[in-house]
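See structure below.
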Amino acid sequence: MNDDSPSPRTDSPYPRQLALQGAAIFAVLGVAWPYCLFRQQPLPWLETSLLIGSLAFLFACLTRQFWWWRIIHALFAPAAVLLSGLNIDPGWYLAAFALTFLVYRGALTSRVPLYLSSRETTQALAGLLAGESAGKIVDLGAGAGGLACALARALKDVHISCVENSYLPWAIGFLRAARLPNCHWRLGSLWDVSLAEYGVAYAFLSPAPMSRLWLKVKSEMRPGALFISNSFPVPEVEASAEIEVGDARKTRLYCYRL
Ligand SMILES: C[S@@+](CC[C@H](N)C(=O)[O-])C[C@H]1O[C@@H](n2cnc3c(N)ncnc32)[C@H](O)[C@@H]1O
75 MNDDSPSPRT DSPYPRQLAL QGAAIFAVLG VAWPYCLFRQ QPLPWLETSL
125 LIGSLAFLFA CLTRQFWWWR IIHALFAPAA VLLSGLNIDP GWYLAAFALT
175 FLVYRGALTS RVPLYLSSRE TTQALAGLLA GESAGKIVDL GAGAGGLACA
225 LARALKDVHI SCVENSYLPW AIGFLRAARL PNCHWRLGSL WDVSLAEYGV
275 AYAFLSPAPM SRLWLKVKSE MRPGALFISN SFPVPEVEAS AEIEVGDARK
325 TRLYCYRL
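When you line the sequence shown up against this note's numbering, it's residues 75 to 332, in that order.
The structure is reproduced here in structure tokens:
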């Protein structure tokens, strides 16, 4: 997407967001700090942080960031100042960061957070795959294994491989699948898994990786194999079939026959 595009940007957001917040911090502190030094008065942190938040919000609007980034930019500096006034032990911040990283590593690396397929989706998939004679199935980004383990129990004659790159969901899935001989767990990136041996690949990710994933699917899966994406269609590719699951989330399964 080029810089003149009228729609919000979708490429990797993190360096840009850091730059926007950093620019607002430098701009405000660059004026406020010398001014306070000159007047020999302490920097009013709350007012300064509100100014930083306003400027960062303005920068985010001018550069057409998604709405949630605009809110994050507006709130980040004031929230940091308010929280620092609570005198919370820094260890708690470290612990919160570690827990978030253990559960949501996928959101950082692939912009795919952890959320789980519904029970109705599992049932619909079990029905679909029972008629597939798929042999081997892979769940790309398997979360904590709820879906994969349920499928492994329902479809005893298929082998299900799971790959997950967030440590805590992987560990939970690994323990859950330990007594299922037809369910294999792997800690790692879905991009490192060869899809050549699988009759069915299932993914419940986000819009961000779908185009790249489709290129991988097309180049690695054999003709006749099936790629199923929960909720997120492959952009500009017509699905061979779409299945309404009928759950509260209005889940739709997009099926692509190679
Ligand atoms: C929306 S959850 C889906 C979980 C499960 N497949 C289900 O349907 O219930 C997506 C999972 O993909 C994982 N993930 C994201 N990027 C990944 C990557 N590059 N390699 C492996 N797993 C990834 C996330 O950590 C998350 O647990």
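Glycine is no exception: its CB is placed at the ideal position from the N, C-alpha and C atoms. Predicted, not measured: the structure shown is a model, and the values here were computed from it.
(Q) Contact between the stretch 242 to 255 and the stretch 277 to 295 is defined here as three or more beta-carbon pairs at a separation below 8 Å; is this criterion met? (A) The stretch 242 to 255, when compared against the stretch 277 to 295, does not touch it at the 8 Å Cβ threshold.
Q | Contact set for residue 239: own chain, Cβ-Cβ below 8 Å, skip 5 residues either direction | A | Locating residue 239 in the sequence shown gives position 165, where the first residue counts as 1. For residue 239, the CB contacts under 8 Å within the same chain, skipping 5 residues up- and downstream, are 179, 180, 183, 184, 215, 261, 262, 263 and 264 in chain order.
(Q) Strictly under 8 Å for the Cβ-Cβ distance: is residue 118 near chain D by that measure? (A) No chain D is part of this structure, which consists of one protein chain only.
Q | Contact belief for residue 225 with residue 196 at Cβ below 8 Å, rounded distance in angstroms | A | Along the sequence shown, one-based indexing puts residue 225 at 151. Along the sequence shown, one-based indexing puts residue 196 at 122. About 7 Å; that satisfies the 8 Å criterion.
**Q.** C-beta contact flag for residue 306 and residue 291 at 8 Å
**A.** Position 232 of the sequence shown, counted from the start, is the residue given in the question as residue 306. Position 217 of the sequence shown, counted from the start, is the residue given in the question as residue 291. No, the pair does not count as a contact, with Cβ atoms beyond the cut-off.
(Q) Let's see if you can read the secondary structure: which residues bound the alpha helix (DSSP H) around residue 106? (A) In the sequence shown, the residue the question calls residue 106 occupies position 32. Counting along the chain, the alpha helix (DSSP H) containing residue 106 begins and ends at 88 to 113.
Q) If you compare alpha carbons, which of 110, 115 and 125 is closest to residue 101? A) Reading the sequence shown from its first residue, position 27 is the one you call residue 101. Comparing Cα-Cα distances from residue 101 to each of 110, 115 and 125, the minimum goes to 125.
**Q.** Contacting residues, own chain, Cβ-Cβ under 6 Å from residue 293 (five flanking each side not counted)
**A.** Position 219 of the sequence shown, counting from 1, holds the residue named residue 293. So no residue of the chain qualifies.
Q. Residue range of the beta strand (DSSP E) that residue 212 falls in?
A. Translated into positions along the sequence shown, residue 212 becomes position 138. In the DSSP assignment, residue 212 falls within the beta strand (DSSP E) that extends over 210 to 214.
Q: Answer yes or no: the CB of residue 213 versus the heavy atoms of ligand 1, is any distance below 7 Å?
A: The residue labelled residue 213 in the question sits at position 139 within the sequence shown. In this structure, ligand 1 has a non-hydrogen atom nearer than 7 Å to the beta-carbon of residue 213.
Q) Less than 7 Å between the CB of residue 294 and some heavy atom of ligand 1, yes or no? A) Taking the first residue of the sequence shown as position 1, residue 294 is located at position 220. No; taking the cut-off as 7 Å, the Cβ of residue 294 has no heavy atom of ligand 1 nearer than that.
Q: Tell me, please, which residues DSSP counts as bridged to residue 258.
A: As a position in the sequence shown, residue 258 is number 184, starting the count at 1. For residue 258, which the question treats as bridged, DSSP gives the partners 235.
Q. Is residue 217 near ligand 1, going by C-beta to nearest heavy atom under 7 Å?
A. Against the sequence shown, residue 217 aligns to sequence position 143. Yes, the Cβ of residue 217 comes within 7 Å of a heavy atom of ligand 1.
Q: Measure the Cβ-Cβ separation of residue 273 and residue 316 and say whether it is below 8 Å.
A: Taking the first residue of the sequence shown as 1, we reach residue 273 at position 199. Taking the first residue of the sequence shown as 1, we reach residue 316 at position 242. Not closer than 8 Å, so no.
Q. When burial is assigned at 16 or more other CB atoms within 10 Å of the CB, is residue 78 buried or exposed?
A. Position 4 of the sequence shown, counted from the first residue, corresponds to residue 78. Confidence is the limiting factor: at residue 78 the pLDDT is only 37, short of 50, which leaves the residue's position unreliable and the question unanswerable from this model.
Q.
Taking 7 Å as the cut-off, is the C-beta of residue 201 nearer than that to any heavy atom in ligand 1?
A. Sequence index remark: in the sequence shown, residue 201 carries index 127 (1-based). No, ligand 1 has no heavy atom inside 7 Å of this Cβ.
Q: Kindly give me the distance between the Cβ atoms of residue 314 and residue 331, rounded to whole angstroms, as I take these residues to be in contact under 8 Å.
A: Locating residue 314 in the sequence shown gives position 240, counting from the first residue. Locating residue 331 in the sequence shown gives position 257, counting from the first residue. About 4 Å separates the Cβ atoms of residue 314 and residue 331, confirming a contact at the 8 Å cut-off.
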